[in-house]
Every structure is written in C-alpha cells, then in structure tokens.
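Q: I'd like to ask some things about the structure below.
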DNA sequence: ACTCTACTATTGGTCCTACCATTATCCGGC
DNA sequence: GCCGGATAATGGTAGGACCAATAGTAGAGT
C-alpha cells in the first residue's frame, strides 16, 4: 500500500539506470523506509511501463550498492536496508587491490588513524571499556602461546581489537574507517602474521598499549603504537617494498615520485 | 583470441552472481588488463552456458563496482577499466547520507586527517609545491572578495586545495581519502559556505596555513588548522557542534548494522 | 585519387513469454 | 489443535525477437 505512484515511466536508451536512479532517490528521501519492501518486479514493470529485464538490472545495481536486499519466494522482493560498512569496505578494498597500493602507504595511514583513535579513546571511553580492552588483549596473548596458533582466528582477534578501540572514540566515522581498512587489506595483513616474531611482538604490544590506555597515559600509549609500526616496518619483508623507499618519513629524502613504488612481482601464489 | 576458456558454466540458483564473481576474479588477477574488452554478451552467454539476462545482470553489477565500462555499438562491449576513487567516494557518500552522520563527526575525522596531512606535507613536499599552495590560497581569497561569489566555484577551489595538500604527503592513500571525503559530504559542506563569515574566515585561514607550511612551521600550521575547525564548530548551525553531544557515550545510539527499524510513520515530507 | 554517403555487421538495450525454484500462507485431514 | 500438502506470490533463468547505436567498409560522385 506504500507506493501508489511514486515512479514515472522511464525514458529510452538508458531505462535501467533511470529506474535505478528513481528508486535510489526514493530510498534516500526516505519515501521508502528501511525494512519496507519495494513492489514486486512485475508491479514495478507495470509502474515504469518497461520490461522486466530493465527492472531486474536496476535491482541488481541497487543491491550492489547495498541499498536493498532481495529475498525469494512468497512475500519476497526487494527490501530496503541500512547500508552496511561492508559495502564501503568492499569498494575501498577493490580499489586498493587494483591500484596495487603498497603496504607501506597503508600502514602509514593506519598509524596516523591509530594515534588519533587512541588519543580520543583515552579521553572518552569509560574505565569499564578500557578494562575490557585490556582483557581482550590478554586473551589474544594467551591464544598466541598455544602450540598451534590459528592464523585466521588471530587475525580476527586483532581486527576485533582494532574495531573495539575505534568504537571507544564515540565517533562512528573512525569505527567505519577502521573496519574498511581491516577488510581492505586483510589479504596482505595475513602474510605478516605468518612471521612468528611479528605475531608475538604485536600481541605484546597490544597488551602494552591497552594498559597505557587503561592507565590514561596518552603519551605512553602513543609511544607503544609508534613502536608497533616501527616493528612492522622492520618485519615487512619484500612484501611491497621498504616503507622508506616508498614514502620516506624523513624529510631528507623527499621528492620521490609516487608512481615508482612497488616494483616486485604480484605474488600469484597457488 | 583473448579469452579462450577462462570461464566455466555457472551453477544454478545464483548464476548471475557466479558469473560476476568469475569475471571479477579474472579482472583482479589481471587475466584481463585494463583497456582490454571482455567478450561480447552473446559470447559470454555461450561460454557460461546461460541465458543472456544472467550475463547482463552480472555486467550491471560489475559496472556498478566500477570494474568495467560499457560501450554500445560495433566494437562496443565491456572494457576493463581502472577503478576510480569516485566509486569509493560514491559508496562512502551513500553510506554517510543514509546513516545521517552528523557534520560534527565528519569534521572531527577530517581534522585529524588534516593534521597528519599537514605534518607530512611540510616534511615531504618540495618548496615549489609549497609555494604553489600559497599562490592557490591567495587566489581563493581574491575570488572571495568579488561582489558576487560563486558558491560552486568556491567549494571547488576549497576542494582542490585540500587535494593538492593531500598530494603533498606523497602518500596516495591520503589523497584518496581526502577525495572521497570531499565528494562524500560536499552536500552538507555547501550549506556552511552560505555563511559569509565562514567563507571569509576559511579563506583567510587557508592563506595562513599555507604560509606556515611554506615556512616549514609545523606547529603554527597545526595551530591554524585547529583554529579553522574551532571556527567551523562555532559556525555550524543546528548541526550540533560537539561530537560528544552528537553521539552520546552510550552505545544505544543508532547503529549501522541496524536491525531495529524505527517505527515512525512514513509521512513523505516533500 | 579523394571524399562523402549509404550499407552492413556487431553489439548493447529492451521487450516478451514461458517456465523453474523457493517460500509464506492457507486449508483440509488427522 | 497440530501437521502436511496444495496454492499462490515472487525472484531466477531461458531463449527469442527486435531496436538503437556505432565502427568499418564498399560504392557513388566529384
């Protein structure tokens, strides 16, 4: 009963996009709220006075954007949903992957974000959250000491820790960016976790950082983070080159052309 | 001759996604390079042993992801292209829009990014780039003093300045994030520019910041940036200037993985 | 020999119709 | 009252036909 005549017939030539845009607009203007469903494909076909294929293509585009979710069967159809960060992450991940962006560049960005997040978390999170963070980091350390560490699980814990910390800023933007980054270069990240030294030092560093956060010691916490990224730089093997060669932190060797980084072959493992 | 038998017949039920995934994988593994074109839809239809509608929907999804570009006519088809930041931006913008992210939260994030960018730019950009930045900021100030300032042009200049500064970090990630942010919430940003005081102070602040950057004075430059965001907070209208008030420390606030749709009536205010 | 035009082949865009698979709902038998 | 099958609604697929745009080419005209 929701949609009487929201939609107008589509023009020719690019009808599919036209349909998609109209529906997207309706969703963004909240004429259709999350949880509600669009009319069935055959009904839309009638409203737009077009073929069903056009509607289906529009639906596919909207689904890809994360605006709708499609369910089969009776009472199925296209349900408007809240866009998930995962959509942004996927988009970012695709981009990073295709650009062959070096780990060094991402790490530098992450370090800057991590520092801000830590500072804000110390300022805004309550002591319970901070204590919880400490507990989780200790759990990570325990898992590490087991005989056969599960890389997947460890990576997952690391990811969750980062997101937990980001949540403590009380600013959702930081949380989303962190999630996007986590998903964005997890593939490269896993390789690092293969290094037992990196694994161990990372876990220890997490505990250290969490303790400093819990103790409301911003400078010490930032120092720990700096140590972590310095260590990452050392452990990063041939993977995407030396950070300094790609983006030197020292102001002595500047004026590098960005296009000249990452000359190593793409690891076509398998 | 390009694609012999890269693709295998798709399974039933979700054939469209299957096809899209296979093609996406082929692109990401660089079995098809940017600039090259995929086989025609009818050819793919044969290779995948499926209907043409399935292929078309897959194409639509890939196009939406920004992986391919579709041209009509003879020698048309799906051409693999480099993903543009615009895709990430659009995704992010959609997300921010639907989540009703407050300007305060975005501003806080931007401030942290801006500070890092400024620091890195001072360290890595050469003097020519810095001088160029100063020149551009002065140009912005000039445009502002004209009788009838064009909001669109001013916003554009501000955007370009931000991106120019981000480029000076020599780390493309910062550039992309800045572009994504610029495109992502430009709609909200324009409103601020309506305020003549904000306009003027922003321009003056830009010149100031650029001068400090050119003079290699990181602390003064950061101070300018802080002043800018403090001013933004004052000028921001009802948009709740303080991040902490916009997002109370309770995790009760509207989350993104929302399952609890608000039940308010669907009055479509127009 | 050059240029412009019209034709043609290729390819995406649309429409249609039929049928299959899945799922919520309803109805009848137990 | 409960359970299971029939039913209907809906997305998913198949295949064919035609339209529209476009690049290449053959041919007419100069």
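Chains as they are written, first to last, in the numbering used here: chain L, 1 to 270; chain U, 1001 to 1270. Yeah, the Cβ is synthetic: ideal placement off N, Cα and C, and Gly gets one too.
What residues in the region 1037-1058 of chain U have a beta carbon less than 7 Å from any beta carbon of chain L?
A: Residues of the region 1037-1058 of chain U whose Cβ lies closer than 7 Å to any Cβ of chain L, in chain order: 1053, 1056, 1057.
Q: Determine whether the beta carbon atoms of residue 39 of chain L and residue 1101 of chain U lie at a separation below 8 Å.
A: no
Q: Taking beta-carbon pairs under 8 Å, can you tell me which members of the region 1199-1229 of chain U lie near chain L?
A: none
Q: For residue 1082 of chain U, go through chain L and note every residue whose CB falls closer than 7 Å to its CB, in chain order.
A: Those are 98, listed as they occur along chain L.
Q: For residue 1207 of chain U versus residue 1137 of chain U, is the C-beta spacing smaller than 8 Å?
A: Their beta carbons are under 8 Å apart, which means residue 1207 of chain U touches residue 1137 of chain U by this criterion.
Q: For my contact list, residue 82 of chain L and residue 1098 of chain U are in at a C-beta cut-off of 8 Å; report their separation, rounded to the angstrom.
A: 7 Å
Q: Based on the DSSP secondary-structure assignment, which residues constitute the bridge partners of residue 1180 of chain U?
A: Note: residue 1180 of chain U sits in no beta bridge, so no partner.
Q: Is residue 19 of chain L helix, strand or coil by DSSP?
A: Looking at residue 19 of chain L - three-state DSSP - the assignment turns out to be helix.
Q: Got a sec? Which residues, its chain only, sit under 6 Å from residue 1119 of chain U by beta carbon, not counting five neighbours each side?
A: Scanning its chain for C-beta atoms nearer than 6 Å, with the 5 sequence neighbours on each side dropped, one finds around residue 1119 of chain U the residues 1218, in chain order.
Q: Would DSSP call residue 1226 of chain U helix, strand or coil?
A: helix
Q: Taking C-beta pairs closer than 8 Å, name the residues in chain L that residue 1112 of chain U reaches, listed in chain order.
A: 112, 113, 116
Q: Just list the beta strand (DSSP E) runs in the region 47-81 of chain L, keeping only unbroken ones of 3 residues or longer that don't cross its boundaries, in chain order.
A: 68-71, 77-80
Q: Whole angstroms is fine: what's the gap from residue 1241 of chain U's alpha carbon to residue 1230 of chain U's?
A: Because residue 1241 of chain U sits at a pLDDT of 45, beneath the cut-off of 50, its placement in the model cannot be relied upon, and the following sentence gives the value as read from the coordinates. Computed Cα separation, rounded: 9 Å.
Q: What in chain U is Cβ-close to residue 106 of chain L, meaning under 7 Å?
A: Going along chain U in sequence order, the residues near residue 106 of chain L (Cβ under 7 Å) are 1173.
Q: Are at least three pairs of beta-carbons, each pair with one atom in the region 161-177 of chain L and one in the region 121-128 of chain L, less than 8 Å apart?
A: Yes: the two stretches touch, three or more of their Cβ pairs being nearer than 8 Å.
Q: When the cut-off is 8 Å and only beta carbons count, does residue 60 of chain L lie next to chain U?
A: With a threshold of 8 Å between beta carbons, residue 60 of chain L makes contact with chain U.
Q: When the Cα atoms are used, what is the spatial distance from residue 1131 of chain U to residue 108 of chain L?
A: 25 Å
Q: Using a cut-off of 9 Å between C-beta atoms, extract the partners of residue 101 of chain L located in chain U.
A: 1172, 1173, 1176
Q: Take residue 145 of chain L as the anchor and find which of L/115, L/202, L/96 has the nearest alpha-carbon.
A: L/202
Q: Quickly, what does DSSP pair residue 37 of chain L with across the bridge? List them, please.
A: L/79
Q: At a cut-off of 7 Å, would you count residue 1042 of chain U as near the ligand ZN, judging by its Cβ distance to the nearest heavy atom?
A: This structure lacks the ligand ZN, and indeed carries no ligand of any kind.
Q: Contact criterion: CB-CB distance below 8 Å. Does residue 1092 of chain U meet it with respect to chain L?
A: yes
Q: Excluding the 5 residues flanking residue 20 of chain L on each side, which residues of the same chain have their C-beta closer than 7 Å to its C-beta?
A: 58, 61, 62
Q: What's the call for residue 1089 of chain U, buried or exposed, on a 16-neighbour Cβ count within 10 Å?
A: buried
Q: Tell me which same chain residues have a C-beta within less than 8 Å of the C-beta of residue 87 of chain L, skipping the five on either side of it?
A: 65, 66
Q: To the nearest whole angstrom, what separates the beta carbons of residue 1041 of chain U and residue 1055 of chain U, a pair I think is in contact under 8 Å?
A: 5 Å
Q: Using beta-carbon positions only, say whether residue 37 of chain L and residue 78 of chain L come within less than 8 Å of one another.
A: Yes, the pair counts as a contact, with Cβ atoms nearer than the cut-off.
Q: Determine the contact status of residue 183 of chain L and residue 93 of chain L, defining contact as a CB-CB distance below 8 Å.
A: Going by C-beta atoms, residue 183 of chain L is nearer than 8 Å to residue 93 of chain L.
Q: Would you report the Cα separation of residue 1033 of chain U and residue 1014 of chain U, rounded to the nearest angstrom?
A: 26 Å
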